[in-house]
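Worksheet: the structure to be examined is printed underneath.
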Amino acid sequence: MEKMRKSTRGISMILGKVKSLKEWIKRKRNSCSLKVSFAVYMVGGLLAALCLSIIFSVICQSIQDQIRQKYEKMANREPVELFYEDGVPTGTSGYVYLSDPREFYSDWELTVDEAAGILAWFLPFLSFCGSIVVTSILFYKRNLRKPLELLDEGAEKIAQQDLDFSITYERENELGRLCGSFEEMRRALLENNREMWRQMEERRRLNAAFSHDMRTPLTVLEGQSEMLIKYAANGQMPREKIVSAARTMHGNIKRLEEYVAAMNQVQRLDDLEVTKTLVTGEELCKRLEESGKILCKSLDFSIKAENIKENFQADLNLVEQVYQNLLANAVRYGKKKIQAEVKTDQFLVISVQDDGGGFSKESLEKAAEPFYQGKEIKGGQFGMGLYICRILCEKCKGSLTLKNTREGACVTARFLI
32 MEKMRKSTRG ISMILGKVKS LKEWIKRKRN SCSLKVSFAV YMVGGLLAAL
82 CLSIIFSVIC QSIQDQIRQK YEKMANREPV ELFYEDGVPT GTSGYVYLSD
132 PREFYSDWEL TVDEAAGILA WFLPFLSFCG SIVVTSILFY KRNLRKPLEL
182 LDEGAEKIAQ QDLDFSITYE RENELGRLCG SFEEMRRALL ENNREMWRQM
232 EERRRLNAAF SHDMRTPLTV LEGQSEMLIK YAANGQMPRE KIVSAARTMH
282 GNIKRLEEYV AAMNQVQRLD DLEVTKTLVT GEELCKRLEE SGKILCKSLD
332 FSIKAENIKE NFQADLNLVE QVYQNLLANA VRYGKKKIQA EVKTDQFLVI
382 SVQDDGGGFS KESLEKAAEP FYQGKEIKGG QFGMGLYICR ILCEKCKGSL
432 TLKNTREGAC VTARFLI
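Just so we're aligned, residue 32 is where the sequence shown starts under this note's numbering, counting upward by one.
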């Protein structure tokens, strides 16, 4: 019983080593370059051709020898000793035929002998040619066909505007790296397409919001102009009402101008380029604190810095623009104090919190949309501040999030660094 266990254990160890060897060979094959792989295939093919050539030559020679041996006794021959060039005998002997044994061959045997002689020269040549062809086919099937098919299918799908696929090739040779680069290109194209569709959808929503908000002042202007045409021209409208109508029209015209200015500002954001520079954590905190004290001079302002990296890459101008917009928004709704917090990890994270009434449920979902005007909006604003902050954060590969805390509203901006 103990012997059986030892035998089983030994077999298991051998199988484990064989499995490990197969995995090692597979890893080496997958990491082998095309040049090395091609050289291995060619050397293997040439060795196989050499072995076949030797085998064919031996077979052909054996056929000729078998036929010759049948007629050796009929041919006159004399024994002779064989010598080296220095005249020392070898100790072996051979025969010199006084007549050619082929004279006694039948027609069939003569044909077979001649064919064997020809094949002894032709088959080795054919072996090497066949070896090159077979080696090339095997090399193509095992190393080239799959990645080329993947690249061809991928190029065809990209031409059809279909980017919902992936290219996976496990080998780490030149074609493996090419497939990896192709996959990265596909991902970049897919990301660009998604970003383009997102921008188009954002532009559509922006235009829809702009058109919707333009209707009110246009309706007022239309009503006031119709009233003036109908009554003022006939002298049926008092001077005070005419002046009041003119003031109303002027106010709505100014509002339209402000709408157009806001739209132009948003459109300029599309052309804005993110330019990252080396920023020190100390410099960032100093500038944020100075901006906070200036913008929040009527309120109690404090800023808290946590886990700030000593140096990192960021577009400081865009960061400050977002930060100042968040502060201005907080000052508008805050009662006594504004708190800011800044920290860094993979992102630069800036949070601004006020002690106002916070966001309504609707505002939490829509406050960062263009031209949003909730019930809590103050000061005749167009609802573009948080929208612009969101666009700038997204341009920096970040995000803008809104939430309510015990004290009030809190807006957090993230920028990839």
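For every residue, glycine included, the Cβ atom is placed at its ideal position computed from N, Cα and C.
Just so it is clear, the structure is predicted and the values come from calculations on it, not from any experiment.
Problem set entry | Alpha carbon of V362 to alpha carbon of A293, nearest angstrom | Position 331 of the sequence shown, counted from the first residue, corresponds to residue 362. Position 262 of the sequence shown, counted from the first residue, corresponds to residue 293. Each residue's Cα considered, the two are about 21 Å apart.
Exercise. Quick one: Cα of F213 to Cα of I198, how far?
Worked result: Residue mapping note: residue 213 aligns to position 182 of the sequence shown, counting from 1. Residue mapping note: residue 198 aligns to position 167 of the sequence shown, counting from 1. Taking the CA atoms as reference points, F213 sits about 8 Å from I198.
Problem set entry | DSSP three-state assignment for E431, whether helix, strand or coil | Numbered from its first residue, the sequence shown carries residue 431 at position 400. One detail in the question is off: residue 431 reads as Leu in this sequence, not Glu. In this structure, L431 counts as strand in the three-state DSSP scheme.
Exercise. I think G416 touches A359, with their Cβ atoms under 8 Å apart; what is that distance to the nearest whole Å?
Worked result: Translated into the one-based positions of the sequence shown, residue 416 becomes position 385. Translated into the one-based positions of the sequence shown, residue 359 becomes position 328. The C-beta separation of G416 from A359 comes to about 7 Å, placing the pair in contact by the 8 Å criterion.
For this session: Using DSSP bridges, identify the partner residues of N342.
Result: Taking the first residue of the sequence shown as position 1, residue 342 is located at position 311. T311.
Exercise. Nearest to A80 by alpha carbon, out of L65, D138 and F156?
Worked result: For the purposes of this step, residue 80 is identified with residue 49 of the sequence shown, where counting begins at 1. Minimum Cα-Cα distance from A80 among the listed residues L65, D138 and F156 corresponds to F156.
Problem set entry | Neighbourhood of S333 by C-beta, 6 Å cutoff - its chain only, sequence neighbours within 5 removed | Position 302 of the sequence shown, counted from the start, is the residue given in the question as residue 333. The residues Q370, in chain order, have a CB closer than 6 Å to that of S333 in the same chain once the five nearest residues on each side in sequence are set aside.
For this session: Flag this pair as touching only if the stretch 162–174 and the stretch 74–94 have three or more C-beta atom pairs under 8 Å; answer yes or no.
Result: Verdict: yes, contact present.
Problem set entry | Nearest neighbour of E351, chosen from Q267, Q97, E320 and F241 [CA to CA] | Position 320 of the sequence shown, counted from the start, is the residue given in the question as residue 351. Considering only alpha carbons, the answer is E320.
Exercise. Would you call the stretch 270–280 and the stretch 376–395 in contact, with 3 or more CB pairs under 8 Å?
Worked result: Touching, no, given that fewer than three Cβ pairs across the two stretches are closer than 8 Å.
Exercise. Measuring CB to CB, does L249 end up less than 8 Å from L221?
Worked result: Start at 1 with the first residue of the sequence shown, and residue 249 comes out as number 218. Start at 1 with the first residue of the sequence shown, and residue 221 comes out as number 190. No, Cβ-Cβ distance for L249 and L221 is not below 8 Å.
Exercise. Would you call Y364 buried or exposed, if buried means 16 or more other Cβ atoms sit within 10 Å of its Cβ?
Worked result: Stepping through the sequence shown from its first residue, residue 364 is reached at position 333. So Y364 counts as buried.
For this session: Could you tell me the boundaries of the beta strand (DSSP E) in which E372 lies?
Result: Within the sequence shown, numbered from 1, the residue matching residue 372 stands at position 341. First-last of the beta strand (DSSP E) with E372: K368 to T375.
For this session: Buried or exposed for G323, please, with buried defined as at least 16 other CB atoms from any protein chain shown within 10 angstroms of its CB.
Result: Your numbering for residue 323 matches position 292 in the sequence shown. By the neighbour-count rule (16 or more Cβ atoms within 10 Å), G323 is buried.
For this session: May I have the straight-line CA-CA distance separating G410 from D376, to the nearest angstrom?
Result: Residue mapping note: residue 410 aligns to position 379 of the sequence shown, counting from 1. Residue mapping note: residue 376 aligns to position 345 of the sequence shown, counting from 1. Confidence in G410 is poor, its pLDDT being 47 and thus under 50, which makes the residue's placement unreliable; the coordinate value appears in the next sentence. Each residue's Cα considered, the two are about 36 Å apart.
For this session: Report the rounded CA-to-CA distance for K66 versus M73, giving the unit in angstroms.
Result: Working through the sequence shown from its first residue, we reach residue 66 at position 35. Working through the sequence shown from its first residue, we reach residue 73 at position 42. Separation of K66 and M73 (C-alpha to C-alpha, rounded to the nearest whole angstrom) is 11 Å.
For this session: Write down every uninterrupted run of the beta strand (DSSP E) in the stretch 257–336 whose length is 3 residues or greater and which is fully enclosed by it, in chain order.
Result: Fully enclosed beta strand (DSSP E) runs of 3 or longer: 308–311.
Exercise. Just checking, does the stretch 382–389 make contact with the stretch 249–266 on the three C-beta pairs under 8 Å criterion?
Worked result: Contact between the stretch 382–389 and the stretch 249–266 is absent, because fewer than three Cβ pairs lie under 8 Å.
Exercise. Where do the N-terminal and C-terminal ends of the alpha helix (DSSP H) with C63 fall, by residue?
Worked result: Your numbering for residue 63 matches position 32 in the sequence shown. Counting along the chain, C63 falls outside any alpha helix (DSSP H), and DSSP gives it neither H nor E.
Problem set entry | Cβ neighbour criterion (16 or more within 10 Å) applied to G429 | Walking along the sequence shown from the start, residue 429 turns up at place 398. That one is buried.
Exercise. Do you know how far the Cα of E201 is from the Cα of R173?
Worked result: Indexing the sequence shown from 1 puts residue 173 at position 142. Indexing the sequence shown from 1 puts residue 201 at position 170. Taking the straight line joining both Cα atoms gives about 13 Å.
Exercise. Candidates L175, G282 and L303: which alpha carbon is nearest R208's?
Worked result: If you number the sequence shown from 1, residue 208 lands on position 177. Ranking the options by Cα distance to R208, first place goes to L175.
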